[in-house]
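Structure, as structure tokens:
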Amino acid sequence: MSKFKKDSSREMPGVNTSSLPDIVFMLLFFFMVATTSKEVDPTVNVDSPEGSRATELTPYKQRSEVDFLYLGKPRNPARAAEFKMGFALSLDNVVQPTADGLYNTNAVGQWKKDKFDQKPARMTAPLEAVITCVKADKSAPSGLIFDIRKELQEINALTIAYAVRDNGLI
Amino acid sequence: MAKRELQEINAGSMADIAFLLLIFFLVTTTMDKDTAFIRSIPKKVIVKDPVPVEERNILSIKANNQNQLMVRGEIFSDPNKISEFILKFYRTNEKDNDPTNNFPMYSTATMSMIDAQLDKFDQQIEDAEKIGASKEMIEFFESSLKEWEKKKASLRLLGGEELREINGQAHVRIEVQQATEYSIFAKIQTEAEEALYELRNDRSMQLWGIPYSVLKRKVAQEKDKAFDEKAKLDLLEILYPTKIVEVTPKK
């Protein structure tokens, strides 16, 4: 006859999970606020070269203040043959094709102008100060980059940024 | 009829919904930072006869279609050594000018010289406005005036009598060919940036004991408040200007 008799009829109480959604929502909001969304998933593969002492492009401002150009090999290998040296330019996810099957940098000027016209009113930087960032693959030929640069010079968009992967930056 | 009890909504699946959203955001967001070298493209102008640049003021770095490097006419096998060469380019004549070597000369500006330049440009703007000169002309004079004002502020900050400046024509010239890989071009840019960082950082440590990167971060974070830091950055940029010329490759 023990004093502490096991009460077999009592069931183990279940853990109250009603606050679980709250915790998960908290996590969700944290991630929503802390991350920047990828605006485009480029249709070309870009593997940036490494560099150091590069400037952080979007430390305290919105990503939309910078216009990104992608220069790389098309994701779809069948299309690679259509482009000069196998590299294609992706502007807002549209790979630029041309009648003669070469890549087309001529579209850069118009693209940049359209982008500038669509900027919201709170961005007051003049065209020559709006950064155009070229994200090029490490094996992309420099000639193409200079073609893009020339197009930008033509329309007076005078700030260019050459993207690199910076390992030294915190 | 018996009163029915109010049924509670089952919230058990709420967590599932939230998890679903959470995972969606986790997958669609990128955490990587965008880092790049920001360069300005020169304005398009047609120059009839360009001003000749002395050979000593050019540091040409060439890369060919086979990704081989050449610095000032000599083949370079180790791209990591380019920054050392750029440092040499800037530092050789920094203390004393030695006309026998092939590196850019430094000039000395005193406060009275800067004041004279300021007066000169003030006068020129006035004259230009009087005769109704073109807008570009006046803009050019105004930008020159601003530059000299910056120099004046810098010399004041530096203290002392004179400002030693590298020749205005001295520049790093990057010449690549059509098929040179972008990684090589980026490597040269990196090396130039490394050299400039080292020059400015050393000077910053020597003058105020603050690393250059700290100054830069402060200015980027508090744009409208960090006047002191901004003036210091201006001084460092006047002493060691970023002059990189990218030559368009021939077809």
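First to last, the protein sequences are chains A and B. Per our numbering, residue 1 is the first one in the first sequence, and the count goes up by one each step. Per our numbering, residue 1001 is the first one in the second sequence, and the count goes up by one each step. We treat Cβ as the ideally placed atom computed from N, Cα and C, and that holds for glycine. If you're wondering where the values come from, they're calculated on a predicted model, not measured in any experiment.
**Message:** Nearest by alpha-carbon distance to residue 112 of chain A: which of A/23, A/92 and A/10 is it?
**Reply:** A/92
Notebook entry, point to check: Taking DSSP as the reference, what is the three-state secondary structure of residue 98 of chain A?
Noted result: Note that residue 98 of chain A scores 46 on pLDDT, short of 50, meaning its location in the model is unreliable; the coordinates nonetheless yield the value given after this. Residue 98 of chain A falls in the coil class under three-state DSSP.
Is residue 1249 of chain B close to chain A? Criterion is C-beta to C-beta, closer than 8 Å. yes
ask   = Roughly how many angstroms lie between the CA atoms of residue 1188 of chain B and residue 1212 of chain B, to the nearest whole one?
value = Roughly 21 Å between the two C-alpha positions.
Which residue wins for smallest C-alpha separation from residue 130 of chain A, given the options A/87, A/106, A/57 and A/165? Its Cα nearest to that of residue 130 of chain A, the residue A/57 stands out among A/87, A/106, A/57 and A/165.
May I have a chain-ordered list of the alpha helix (DSSP H) segments no shorter than 4 residues that lie completely inside the region 1076-1141 of chain B? 1082-1091 and 1111-1131
Are residue 52 of chain A and residue 163 of chain A touching if we call contact CB-CB under 8 Å? no
Which stretch, first to last residue, makes up the beta strand (DSSP E) that contains residue 32 of chain A?
-> That residue, residue 32 of chain A, is in no beta strand (DSSP E); its alpha helix (DSSP H) goes 20-34.
Inset, instruction - Measure the C-alpha to C-alpha separation of residue 1165 of chain B and residue 1091 of chain B and round it to an integer number of angstroms. - result: If I take the Cα positions, the gap works out to 11 Å.
Outcome for residue 1008 of chain B when other beta-carbon atoms lying within 10 angstroms are tallied against a minimum of 16
exposed
Nearest CA to the CA of residue 171 of chain A: which residue from A/68, A/108, A/144 and A/156? A question about residue 171 of chain A goes unanswered here, because the residues of chain A that appear run from 1 up to 170.
Span of the beta strand (DSSP E) holding residue 4 of chain A? Element bounds for residue 4 of chain A: n/a, residue is neither H nor E.
Against chain A, does residue 1014 of chain B count as a neighbour if the rule is that its beta carbon must be under 8 Å from one of theirs? yes
Let me know if residue 126 of chain A comes out buried or exposed under the rule of 16 or more other beta-carbons within 10 Å of its beta-carbon. exposed
Q.
Against chain B, does residue 149 of chain A count as a neighbour if the rule is that its beta carbon must be under 8 Å from one of theirs?
A. yes
Determine the DSSP secondary structure at residue 53 of chain A, reduced to helix, strand or coil. Note: residue 53 of chain A maps to coil in three-state DSSP.
_Quick check: is the beta carbon of residue 1189 of chain B nearer than 8 Å to any beta carbon in chain A?_
yes
Exercise for the section: Give me the Cα-Cα distance between residue 1226 of chain B and residue 21 of chain A, rounded to the nearest whole angstrom. Expected result: 44 Å
* CB residue 1103 of chain B to CB residue 1056 of chain B, shorter than 8 Å? -> yes
task = Mind checking which residues open and close the beta strand (DSSP E) that includes residue 166 of chain A?
result = Judged by DSSP secondary structure, residue 166 of chain A falls within the beta strand (DSSP E) whose first and last residues are 159-166.
Contact list for residue 1176 of chain B against chain A, beta-carbon separation under 7 Å: 142
Residues in the same chain with beta-carbon distance under 8 Å from residue 1216 of chain B, minus the five sequence neighbours each way, listed in chain order, please.
If we look at residue 1216 of chain B and ignore the five residues flanking it on each side, its Cβ neighbours are 1233.
Review point. Can you list the residues of chain D that residue 54 of chain A reaches, using a CB-CB cut of under 8 Å?
Key: In summary, chain D is missing from the structure at hand, where the protein chains are A and B.
Exercise for the section: Inspect the beta-carbon positions of residue 1060 of chain B and residue 1173 of chain B and report whether they are closer than 8 Å. Expected result: yes
query = Should residue 992 of chain B be flagged as near chain A, meaning a C-beta pair shorter than 8 Å?
reply = Any question about residue 992 of chain B goes unanswered here, given that chain B covers just 1001 to 1251.
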